[in-house]
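Residue numbers (the working numbering), protein chains in the order written: chain A, 1 to 101; chain B, 102 to 775; chain C, 776 to 957.
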């Protein structure tokens, strides 16, 4: 029997690594990967707790929905990245700063 | 008949209105035809009404409180006579003007003003209440003002019309005061009710220092003030001492205007006013009137002796003759006064028209030869008798009438006045003898200056030749517009018009119309002696003048440069005296006020202004450095904060996320620790 | 120390190590492929949490869908993009990364703190679930139960999520087409 705390700690570490990627990387696609990583950390939590809901399967259901949503967001995000590249000839988010005053 | 009279009055008004809208030479014909029709109508009125009953037609004009003021026409002998006189004088003057003003650029305006004047004068003589009388009195003064200043580009004309207007205003104030006092006492403006037979004025009397009328009594001093106001009005309008100085200056207007207004009609308005309100004077006031007239007549005659301006001589002669009329009013010779008014109107108008012709021709000579002379100065004239015989004859007739030689109308009226003056002085104390004696002397002086005038102008040689030896002289009597008026007026100056007997004024129809039968008898010796003595001496004086001016004998009793001459030549220094006594103080007062205004009031305002300026500068400094400084400090702080905050807005998404996380972490730590 | 526990630690180590490599790798393409490993390892963890259907879905959707999509994105972007991306101009341990590292570390401490304080194994509803035998054992097949639940209890979210998915795909296709009109 694996303790829930173990899952949570793994999830927290994974989340922090994802967050670090998002903060540090100078590449939109890598940032996207970081986001996916954070999402997976959350899904891991859902699945871990879902073990204790046999009848309704709430945790697993939301894990499924989250995976589908991740797919949708990735598709849209990649389309946006392509457009940004087409316009600015770069995908470094630091260089896309025209909203600055 | 009242409507006929009304038509005669309104015809010039119609001409005035038409002339306001048309241009060109038609104006003269419009005005002249209006006057011609007016003359015809007034002759009809005169034939029907003169020496019959009084006609009085009136309508309710307006109501103030309990007072109903009526407006209407009053036709009695006096007003009918004046109506006819004004029309008959105006007609030849209009005809004369058509030629005299023919080359003037503002021909139309001249006749417009002239028609306005005729309307005002005619209305003045027929109105039946004091309010309307006052209105037309003012209108007459105003149209006179317009005509004196007709040549508005001449500086002297402008000065003259201002002087005339201001002096007339003084008289107008007197008349207004008198009217208001009469209304306060009698509660009516109606001339009939006031001055008619057995009217309110004749019923009132002064007793114990109170002026008592039916139902009212006020202190007697008001009665004197009312009479004084009337005197003032008469003095201003009829150019009596002390308000006479405007009339000589008024000669700056066109000569035809001088003939109509300042010789024959308007100046007679004062006498007419005296005639209208005659019943209100008591004996003392009449005596004052007599002395005023007497003094004016004498003074003006002495001035006329030395004047060189043709029109000015005639102007002073007019003042002198008006003095005769006023004096005649004062000595109870009511009928003679009016008689003299009528005859004087004719012969003075005639003389002015003669002067107009002469001046016109002299102007021609001046223009043709480009001489630098005054065309009105008699010292440049002379010998004109052969060149303009008709004018000469007219001048002789007019002059004879003015002197009062037999066979002329002047003889009848003037001698009547003199005779009655002597009769009047008999009833008074010895001191009053001075009046008739001065009038006699005045008559002889008149003879002298008239003779001087005629000799200088028509006899001898043309003195323009002294200025320039060879001159072109196209001098003649002029066209029919000149001849017809002269002939017409000359005929009116002769005795048959007024009396079939050339020597006895009592036989005159005009005299009879205004007097009671008992005056008509030749009561005493004066009726024979005075005309005879007067005329014999007059002829002697004329001969003396002939000797002096034609034969050029040195017979003048004094040189032409001593103080007597200067006194006369400078018109008794009245102008200078008035200038010193009234004009200069007023100007000085004005300058003083100007100085006060400039220095004190303006200075005070300047001080206030400086204080305000100083205050505003302080406020400016306060505003600029304190308030604005504070605001600038605030804005600087805000700007600094804004810039500081803006520096966070790098546009870098990850930076934002980092900041966000930092806040969240800080929050968590904060919650955990506390 | 059961076999499940040993498998859990192995899987956890693989997942975390590969994730860490993704974080420090300079090479974009390599990091993408290492991310596969993380996902596979996570799928293994799901299995260990007795959620086999979710694990399969994870592999199908992420590995078969998302990562392929990312690779397509590279290829569509053209070679020069890859060239630029392959030469990142800064190292991972640069001083500029220090604040991020600090924040992440602090957050991690906070999270661990929270997790340890929570003591998830003894929460109220988990204890209830154990008492009422309402927990998944490794003997049964849950796929049928999931299918029934999807079509009954979670029908509305299911339909909504399908519509959302369609909209997202249409939108993505619209965004990424070439704007030849301009």
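Built from N, CA and C at the ideal position, the CB exists for glycine as well.
Outcome for residue i when other beta-carbon atoms lying within 10 angstroms are tallied against a minimum of 16
| i | result |
| --- | --- |
| residue 610(B) | exposed |
| residue 121(B) | exposed |
| residue 957(C) | A caution first: residue 957(C) carries a pLDDT of 46, below 50, which makes its placement in the model unreliable, though a value can still be read off. Residue 957(C) comes out exposed. |
| residue 877(C) | exposed |
| residue 897(C) | exposed |
| residue 880(C) | exposed |
| residue 672(B) | buried |
| residue 45(B) | This structure leaves residue 45(B) out entirely; chain B is present only between 102 and 775. |
| residue 557(B) | buried |
| residue 686(B) | exposed |
| residue 682(B) | exposed |
| residue 743(B) | exposed |
| residue 581(B) | exposed |
| residue 51(A) | buried |
| residue 481(B) | buried |
| residue 515(B) | buried |
| residue 778(C) | exposed |
| residue 490(B) | exposed |
| residue 117(B) | buried |
| residue 92(B) | Because chain B in this structure spans residues 102 to 775, residue 92(B) falls outside the shown range and cannot be described. |
Residue i - partner residues in DSSP beta bridges
| i | result |
| --- | --- |
| residue 169(B) | 164(B) |
| residue 308(B) | 311(B) |
| residue 595(B) | 509(B) |
| residue 159(B) | 173(B) |
| residue 228(B) | 174(B) |
| residue 478(B) | 410(B) |
| residue 93(A) | For residue 93(A), which the question treats as bridged, DSSP gives no partner whatsoever. |
| residue 258(B) | None, per the DSSP bridge assignment. |
Residue i versus the options, residue with shortest Cα-Cα distance
| i | options | result |
| --- | --- | --- |
| residue 670(B) | 473(B), 482(B), 405(B), 688(B) | 405(B) |
| residue 509(B) | 476(B), 721(B), 605(B) | 605(B) |
| residue 886(C) | 4(A), 41(A), 98(A), 12(A) | 12(A) |
| residue 130(B) | 211(B), 177(B), 397(B) | 211(B) |
| residue 930(C) | 73(A), 5(A), 65(A) | 65(A) |
| residue 436(B) | 376(B), 381(B), 489(B) | 376(B) |
| residue 33(A) | 818(C), 797(C), 817(C) | 797(C) |
| residue 950(C) | 93(A), 97(A), 85(A) | 85(A) |
| residue 649(B) | 748(B), 389(B), 561(B) | 561(B) |
| residue 477(B) | 432(B), 298(B), 465(B) | 465(B) |
| residue 190(B) | 369(B), 274(B), 176(B) | 369(B) |
| residue 507(B) | 563(B), 603(B), 444(B), 399(B) | 603(B) |
Distance cut-off 6 Å: residue i Cβ against heavy atoms of the ligand ADP
| i | result |
| --- | --- |
| residue 79(A) | The ligand ADP is not part of the structure shown, which contains no ligands of any sort. |
- Query: Listed from N- to C-terminal order along the chain, which residues in the segment 759-770 of chain B have their beta-carbon within a distance smaller than 9 Å of any beta-carbon of chain C?
  - Reply: Residues 759, 762, 763, 765, 766, 767, 769, 770.
- Item | Contact list for the segment 867-895 of chain C against chain B, Cβ threshold 7 Å | Correct list: 874, 875, 878, 881, 882, 885, 888.
- Item | Contacting positions in the segment 20-45 of chain A - beta carbon closer than 9 Å to chain B | Answer in chain order: 22, 23, 24, 25, 26, 31.
- Item | Segment contact flag, the segment 458-473 of chain B with the segment 568-583 of chain B, C-beta cutoff 8 Å, min 3 pairs | The answer is yes - the segment 568-583 of chain B touches the segment 458-473 of chain B, with three or more Cβ pairs under 8 Å.
- Message: Using a Cβ distance threshold of 8 Å, determine whether the segment 215-227 of chain B contacts the segment 162-171 of chain B, with at least three qualifying pairs required.
- Response: No contact exists between the segment 215-227 of chain B and the segment 162-171 of chain B.
- Message: Any contact between the segment 523-538 of chain B and the segment 408-415 of chain B? By contact I mean 3 or more CB pairs, one from each, below 8 Å.
- Response: The segment 523-538 of chain B, when compared against the segment 408-415 of chain B, does not touch it at the 8 Å Cβ threshold.
- Query: Do the segment 585-602 of chain B and the segment 440-452 of chain B meet, that is, are 3 or more Cβ pairs less than 8 Å apart?
  - Reply: At 8 Å Cβ cutoff, the stretches touch.
- Message: If contact is defined by three or more beta carbon pairs under 8 Å, each pair taking one atom from either stretch, is the segment 76-89 of chain A in contact with the segment 39-59 of chain A?
- Response: Contact fails: fewer than three Cβ-Cβ distances are below 8 Å.
- Message: What are the residues in the segment 726-748 of chain B lying within 7 Å of chain A by C-beta distance?
- Response: Under the 7 Å Cβ criterion, the segment 726-748 of chain B contributes 747.
- Task: Tell me, please, whether the segment 231-245 of chain B touches the segment 300-313 of chain B by the rule of three or more beta-carbon pairs shorter than 8 Å.
- Result: Taking a contact to require three or more Cβ pairs closer than 8 Å, the segment 231-245 of chain B and the segment 300-313 of chain B do not qualify as touching.
- Task: Indicate whether the contact test is met: 3 or more Cβ pairs, each with one atom in the segment 749-767 of chain B and one in the segment 21-40 of chain A, closer than 8 Å.
- Result: Taking a contact to require three or more Cβ pairs closer than 8 Å, the segment 749-767 of chain B and the segment 21-40 of chain A qualify as touching.
- Of all the residues that make up the segment 85-96 of chain A, which are near chain C by a beta-carbon distance shorter than 7 Å? Taken in chain order, the members of the segment 85-96 of chain A whose beta-carbon sits within less than 7 Å of a beta-carbon on chain C are 85.
- Item | the segment 225-237 of chain B / the segment 197-205 of chain B touching (three or more Cβ pairs under 8 Å) | Verdict: no, contact absent.
- Query: Are the segment 63-77 of chain A and the segment 837-850 of chain C touching, with three or more C-beta to C-beta distances below 8 Å?
  - Reply: The answer is yes - the segment 837-850 of chain C touches the segment 63-77 of chain A, with three or more Cβ pairs under 8 Å.
- Identify each residue in the segment 780-805 of chain C for which the Cβ-Cβ distance to at least one residue of chain A is less than 7 Å, and report them in chain order. The residues in question are 780, 783, 787, 790, 791, 794, 795, 797, 798, 803.
- Query: Would you say the segment 365-375 of chain B touches the segment 633-653 of chain B, given that touching needs at least three Cβ pairs under 8 Å?
  - Reply: Contact fails: fewer than three Cβ-Cβ distances are below 8 Å.
- Task: Return the residues of the segment 687-716 of chain B that lie within a Cβ-Cβ distance of less than 9 Å from chain A, sorted by chain order.
- Result: Taking 9 Å as the Cβ-Cβ cut-off against chain A, none of the residues of the segment 687-716 of chain B qualify.
- For the segment 256-267 of chain B against the segment 317-334 of chain B, are there 3 or more C-beta pairs whose distance is under 8 Å? Not touching, per the Cβ criterion.
- Message: Tell me which residues of the segment 826-845 of chain C have at least one Cβ-Cβ distance to chain A shorter than 8 Å, keeping chain order.
- Response: Going along the segment 826-845 of chain C in chain order, one finds 826, 828, 829, 832, 833, 836, 837, 840, 841, 844, 845 with a Cβ nearer than 8 Å to chain A.
- Query: So, do the segment 819-839 of chain C and the segment 43-50 of chain A have three or more beta carbon pairs nearer to each other than 8 Å?
  - Reply: Yes: the two stretches touch, three or more of their Cβ pairs being nearer than 8 Å.
- Query: Contact between the segment 268-285 of chain B and the segment 339-347 of chain B: three or more CB pairs below 8 Å?
  - Reply: By the criterion of at least three beta-carbon pairs nearer than 8 Å, the segment 268-285 of chain B is in contact with the segment 339-347 of chain B.
- Mind the definition here: the segment 140-152 of chain B touches the segment 284-296 of chain B only if three or more C-beta pairs lie below 8 Å; say whether that holds. Touching, no, given that fewer than three Cβ pairs across the two stretches are closer than 8 Å.
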